[in-house]
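Visitor: These protein sequence lines are chains A and B, in that order. For the first sequence, position 22 (counting from the first letter as 1) is numbered 22 according to my numbering, and the numbering increases by one without interruption. For the second sequence, position 110 (counting from the first letter as 1) is numbered 110 according to my numbering, and the numbering increases by one without interruption.
Number of protein chains: 2
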Amino acid sequence: MTELIAGPLIDAASLEPVHRASTPALVADQLRRAIMRGVFPPGTQLGEVELAGRFGVSRGPLREAMQRLVAEGLLRAERHRGLFVRDLDEADVRDVYTARLAVEGATATLILAGDRAAAVARLEVAVAGMRAAASAGDPTAMADADQSFHAELVAASGSPRLRRMADGLLVETRMCLAALQDSAPDPAGLVREHEGLLDALRAGDADRFGSAIAEHMADAVDRILGDRARVDIPGCE
Amino acid sequence: MTELIAGPLIDAASLEPVHRASTPALVADQLRRAIMRGVFPPGTQLGEVELAGRFGVSRGPLREAMQRLVAEGLLRAERHRGLFVRDLDEADVRDVYTARLAVEGATATLILAGDRAAAVARLEVAVAGMRAAASAGDPTAMADADQSFHAELVAASGSPRLRRMADGLLVETRMCLAALQDSAPDPAGLVREHEGLLDALRAGDADRFGSAIAEHMADAVDRILGDRARVDIPGCE
DNA sequence: GTGTTGTAGATTGTCCACAATGCGGAGCAT
DNA sequence: ATGCTCCGCATTGTGGACAATCTACAACAC
């Protein structure tokens, strides 16, 4: 009888995630995804009653979800004014990528000291997905693949705290990207950059990875800020 | 008439911070400090009704405060079971310091590229406070000074996100330290280590700072884990 | 015409009461 | 004696209502 369920249970990790998410967590996830996708443009006011009705929950749980998103830096709360989608200025964009560089740079050290082969294997899958998205010419899929590459990179480090930080930063990154919808910034070049990162990791060359990811982040900042300056989005301060 | 109040208003920066903190923020701060000080030992269950009565607020604001602390990783929530003070095992201790190394290491790069003199000046104050605490033989003051040194270090980087991460990590660090109350681990050595960090920064030597802070973190882990193994605290899994 | 003031509206902050869920112990059958 | 089942208790999750606060507009005085 036990062997009937022994199949799916490959490792012990499959045992713990029985936590059916609480309502606030569900709402927070949904809202986060919506903000990431750019459904609510930066600066939009999010009324509690309206959102509560939209999600079919009461204001209590919704407030808790909001509280969490404020802590993550996605929303900005003004007392007795309301909650607004945070709009990121140039300094914020630079800061996001500065922090990402710190986190993802440290990741390399941990991966090289740990299970490098497993990390490389998982990242190869991510790069493959990236190539597919690039050849398909789908900007959204491209952004998804990019995000999952970096998420996998940090996850491979095995550090829960770095992972949590990176997740938050990736959401903010996605917010920046959502602001400029029309960006199709040379998919081939992006794929090449990530392949370079992966190669450096595969070779076990920490220095090369460090300079490669620093350049990768700097390129991303230039791309976003350059684009923003060019189109001059009015909603962004 | 204006000059009557012109005295206290030295600069324009004194005008904006009129935001009296919201109740959930106040409660969260209070609770965080209590957990940091070790008032609630790891594993303690925090009942909502009891705490609400203790703080004189209703369950709504208190729940929001809890939510924030859960997001920060200080509390662990089990559905329909309650909220518990998170207890950190060896892996967590290592992870905290790993993440701190990532954040504070990146900080040096930013400081050296920015206003190094200002950073050095502020850190000298922190080290002075440290020396005073060391000579006074007060472990709590020592821990405070240590914490403020690292907080200043990250604050001097000028990166809000790195700062926020570091703040969270420092709280967890303090939690680890609170577990072993009796630690008076060679104050003179601690001061010397921080002086070394400051010297490296003053000299503008990024490499030396990098290796110094890596060693500093490694030492701290050894100190905590060594102590824990020695006294064998039963409450910590 | 300009500045001030009062009021209306909306929104958030807070609290209280009810429902749902999970846990622990007592009792019973085997 | 052991295992199972049922029931009461505690805690969380949720909903709705009241109070406090802020903004914006309009009316009024100068």
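Glycine included, C-beta positions come from ideal geometry on N, C-alpha and C.
So which residues on chain A does Ser-22(B) lean against when the C-beta distance must stay under 7 Å?
Guide: As a first step, residue 22(B) must be located in the second sequence, where it is residue number 22. Those within 7 Å of Ser-22(B) in chain A are Arg-79.
Visitor: May I ask which residues mark the beginning and end of the beta strand (DSSP E) holding Val-85(B)?
Guide: What you label residue 85(B) is simply residue 85 of the second sequence in a count that begins at 1. Segment 82-85, the beta strand (DSSP E) holding Val-85(B).
Visitor: Examine chain A for any beta-carbon lying closer than 8 Å to the beta-carbon of Asp-95(B), and answer yes or no.
Guide: Here residue 95(B) refers to the residue found at position 95 when the second sequence is read from its first residue. Taking Cβ atoms only, chain A reaches closer than 8 Å to Asp-95(B), which makes this a yes.
Visitor: Quick one: give me the first and last residue of the alpha helix (DSSP H) that Arg-76(A) is part of.
Guide: One-based indexing of the first sequence puts residue 76(A) at position 76. Segment 75-78 is the beta strand (DSSP E) holding Arg-76(A); no alpha helix (DSSP H) there.
Visitor: Against chain B, which members of the region 49-74 of chain A pass a CB distance test of less than 7 Å?
Guide: Result list: Gly-60, Arg-63, Glu-64, Gln-67, Arg-68, Ala-71.
Visitor: Can you list, in chain order, the residues of its chain with a C-beta nearer than 6 Å to that of Ser-148(B)? Leave out the 5 residues immediately preceding and following it.
Guide: The residue given as residue 148(B) occupies position 148 in the second sequence. Counting only Cβ-Cβ distances below 6 Å, and skipping sequence neighbours, we find Ala-126.
Visitor: Ala-143(A) versus chain B: which residues are under 9 Å apart at the beta carbon?
Guide: Within the first sequence, residue 143(A) is the residue found at index 143, counting from 1. Those within 9 Å of Ala-143(A) in chain B number zero; the least Cβ separation is about 20 Å.
Visitor: Of all the residues that make up the region 159-172 of chain A, which are near chain B by a beta-carbon distance shorter than 9 Å?
Guide: Against chain B - using a Cβ distance shorter than 9 Å - the residues of the region 159-172 of chain A are Ser-159, Pro-160, Arg-161, Leu-162, Arg-164, Met-165, Gly-168, Leu-169, Glu-172.
Visitor: Please report the straight-line C-alpha distance between Arg-208(A) and Ala-200(A), rounded to a whole angstrom.
Guide: Position 208 of the first sequence holds residue 208(A). Position 200 of the first sequence holds residue 200(A). Cα to Cα, the separation comes out at about 6 Å.
Visitor: When you compare the CB of Leu-110(B) with every CB in chain A, is at least one pair closer than 8 Å?
Guide: Translated into positions along the second sequence, residue 110(B) becomes position 110. Cβ-Cβ to chain A under 8 Å: yes for Leu-110(B).
Visitor: Using a Cβ cut-off of 7 Å, pull out every chain B residue sitting near Val-103(A), in sequence order please.
Guide: For the purposes of this step, residue 103(A) is taken as the residue at position 103 of the first sequence. Per Cβ cutoff of 7 Å: Ala-102.
Visitor: Buried or exposed, going by whether 16 or more other CB atoms sit within 10 Å of the CB of Gly-43(B)?
Guide: As a position in the second sequence, residue 43(B) is number 43, starting the count at 1. Burial call: exposed.
Visitor: Cα separation between Leu-225(B) and Asp-92(B)?
Guide: Translated into positions along the second sequence, residue 225(B) becomes position 225. Translated into positions along the second sequence, residue 92(B) becomes position 92. The alpha-carbon atoms of Leu-225(B) and Asp-92(B) are separated by roughly 11 Å.
Visitor: Output yes or no for whether 8 Å exceeds the beta carbon distance between Arg-32(A) and Leu-69(A).
Guide: Translated into the one-based positions of the first sequence, residue 32(A) becomes position 32. Translated into the one-based positions of the first sequence, residue 69(A) becomes position 69. Going by C-beta atoms, Arg-32(A) is nearer than 8 Å to Leu-69(A).
Visitor: Residues in the same chain with beta-carbon distance under 7 Å from Leu-110(B), minus the five sequence neighbours each way, listed in chain order, please.
Guide: As a first step, residue 110(B) must be located in the second sequence, where it is residue number 110. These residues qualify, in order along the chain: Ser-157, Gly-158, Ser-159.
Visitor: How long is the line joining the alpha carbons of Ala-119(A) and Gly-105(A), rounded to whole angstroms?
Guide: Taking the first residue of the first sequence as 1, we reach residue 119(A) at position 119. Taking the first residue of the first sequence as 1, we reach residue 105(A) at position 105. Going from the Cα of Ala-119(A) to the Cα of Gly-105(A) covers about 15 Å.
Visitor: List, in order along the chain, the chain B residues whose C-beta lies closer than 8 Å to that of Thr-98(A)?
Guide: Here residue 98(A) is taken as the residue at index 98 of the first sequence, counted from 1. The contacting residues are Ala-106, Leu-110, Ser-159, Arg-161, Leu-162.
Visitor: Nearest by alpha-carbon distance to Phe-84(A): which of Met-66(A), Tyr-97(A), Val-96(A) is it?
Guide: As a working note, residue 84(A) is residue 84 in the first sequence. Cα-wise, what sits closest to Phe-84(A) is Met-66(A).
Visitor: Using the DSSP secondary-structure output, state which residues sit across from Leu-46(A) in a beta bridge.
Guide: Locating residue 46(A) in the first sequence gives position 46, where the first residue counts as 1. Leu-83(A).
Visitor: How many angstroms separate the CA atom of Leu-123(B) from the CA atom of Leu-198(B)?
Guide: Walking along the second sequence from the start, residue 123(B) turns up at place 123. Walking along the second sequence from the start, residue 198(B) turns up at place 198. Taking the straight line from one Cα to the other gives about 7 Å.
Visitor: Is DSSP giving Gly-56(B) helix, strand or coil here?
Guide: Your numbering for residue 56(B) matches position 56 in the second sequence. Note: Gly-56(B) maps to coil in three-state DSSP.
Visitor: In angstroms with no decimal places, state the Cα-to-Cα distance between Ala-134(B) and Ile-213(B).
Guide: Here residue 134(B) refers to the residue found at position 134 of the second sequence. Here residue 213(B) refers to the residue found at position 213 of the second sequence. Cα-Cα distance, rounded: 20 Å.
Visitor: Residues in its own chain within less than 8 Å of Phe-40(B) by CB, not counting five upstream and five downstream?
Guide: Numbered from its first residue, the second sequence carries residue 40(B) at position 40. For Phe-40(B), where only same-chain residues beyond five positions count, the Cβ hits under 8 Å are Ala-34, Leu-46, Val-85.
Visitor: Work out the CA separation of Ala-71(B) and Ser-22(A) for me, nearest whole Å.
Guide: By 1-based counting over the first sequence, the position of residue 22(A) is 22. By 1-based counting over the second sequence, the position of residue 71(B) is 71. Cα to Cα, Ser-22(A) sits roughly 14 Å from Ala-71(B).
Visitor: Around the C-beta of His-216(B), are 16 or more other C-beta atoms found within 10 angstroms, so that it is buried, or is it exposed?
Guide: Counting from one through the second sequence, the residue named residue 216(B) turns up at place 216. So His-216(B) ends up on the buried side.
Visitor: So, Val-103(A) versus Ala-102(B), is the Cβ gap smaller than 8 Å?
Guide: The residue labelled residue 103(A) in the question sits at position 103 within the first sequence. The residue labelled residue 102(B) in the question sits at position 102 within the second sequence. Yes. Within cutoff.
Visitor: What whole-angstrom Cβ distance do Gly-168(B) and Ala-145(B) have, given they're in contact under 8 Å?
Guide: Translated into positions along the second sequence, residue 168(B) becomes position 168. Translated into positions along the second sequence, residue 145(B) becomes position 145. Gly-168(B) to Ala-145(B), Cβ: 20 Å. No contact.
Visitor: Does the Cβ-Cβ distance between Glu-64(A) and Glu-48(B) come in under 8 Å?
Guide: By 1-based counting over the first sequence, the position of residue 64(A) is 64. By 1-based counting over the second sequence, the position of residue 48(B) is 48. No, the pair does not count as a contact, with Cβ atoms beyond the cut-off.
Visitor: Helix or strand or just coil, what does DSSP make of Ala-220(A)?
Guide: Within the first sequence, the letter at position 220 stands for residue 220(A). Of the three classes helix, strand and coil, the one that applies to Ala-220(A) here is helix, per DSSP.
Visitor: According to DSSP, is Val-127(A) part of a helix, a strand, or is it coil?
Guide: Along the first sequence, read from residue 1 onward, the residue named residue 127(A) stands at position 127. Residue state, collapsed to three classes: helix.
Visitor: Looking at C-alpha atoms only, which residue of His-194(A), Val-57(A), Arg-202(A) is the closest neighbour of Asp-219(A)?
Guide: Translated into the one-based positions of the first sequence, residue 219(A) becomes position 219. Nearest of His-194(A), Val-57(A), Arg-202(A) to Asp-219(A), Cα basis: His-194(A).
Visitor: Just verifying my parser: in three-state terms, what is the DSSP assignment at Val-39(B)?
Guide: In the second sequence, counting from the first residue as 1, residue 39(B) sits at position 39. Residue state, collapsed to three classes: coil.
Visitor: Please report the straight-line C-alpha distance between Glu-263(B) and Glu-50(A), rounded to a whole angstrom.
Guide: Residue 263(B) falls outside the range modelled here, since chain B spans only 1 to 237, and no answer is possible.
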